[in-house]
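A short write-up of the structure that comes next.
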Amino acid sequence: MNALVLAFLNSWRGLRHGARTERAVRQELVLLALGVPVALLLGATLWVRVALMVSLLLMLAAEFLNTAVEKLCDHVHPGHHPMIGTVKDLASAGTFMAQVAALLVWVAALIERLG
């Protein structure tokens, strides 16, 4: 049980740090805060509501991982390096794919609701 508590505290510390220091994380936290109530109204079924909320959570998770990669790259190699740039671009592409996936889920839910 101690390991679970410590893992939660580490995660909470990371969440707070990201919210304090990263604009993109703050933006996606706002999207999550606004999106949860909208998901509850927009989703016609429980599973659609869950899919809408999970898509936002996965988008935020990808943003945290992208931020972690960028911080690590900057720490390991503070100057400009082409390979570091490629690593950052790859992490950014992962974030973009999560955003596209979330958009697809939300558009599908909207079409289902209006159709």
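For my numbering, count along the sequence shown from 1 and bump the result up by 19.
Heads up, the beta-carbon is just placed ideally off N, CA and C, and yes, glycines get one too.
One question on the structure: do residue i and residue j come within less than 8 Å of each other, judged by their Cβ atoms?
| i | j | result |
| --- | --- | --- |
| V69 | A128 | no |
| G134 | F83 | no |
| K107 | V88 | yes |
| R132 | L61 | yes |
| H94 | I103 | no |
Hey, quick one: how far does the alpha helix (DSSP H) through residue i stretch, first residue to last?
| i | result |
| --- | --- |
| M78 | L65 to V95 |
| L134 | According to the sequence provided, residue 134 is Gly. The question's Leu does not apply to it. From DSSP, G134 is part of no alpha helix (DSSP H); its letter is neither H nor E. |
| H99 | No alpha helix (DSSP H) contains H99, which DSSP labels as neither H nor E. |
| E47 | R42 to L61 |
By a C-beta neighbour count over all protein chains shown, 10 Å radius and 16 as the cutoff for buried, is residue i buried or exposed?
| i | result |
| --- | --- |
| A58 | buried |
| A52 | exposed |
| S74 | buried |
| A110 | buried |
| N85 | buried |
| V24 | exposed |
Can you find a heavy atom of the ligand FMN that lies under 7 Å from the Cβ of residue i?
| i | result |
| --- | --- |
| G98 | Ligands in the displayed structure: none, and consequently the ligand FMN is not present. |
Taking the alpha-carbon of residue i as reference, which of the options has the nearest alpha-carbon?
| i | options | result |
| --- | --- | --- |
| F115 | A63, G54, D93 and A43 | A43 |
| V55 | L65, L71 and G113 | L71 |
Discussion item. Taking 8 Å as the cut-off, does the segment 72-79 touch the segment 120-134 (at least 3 CB pairs, one atom from each stretch)?
Written reply: In short, these stretches touch, since the Cβ pair count reaches three.
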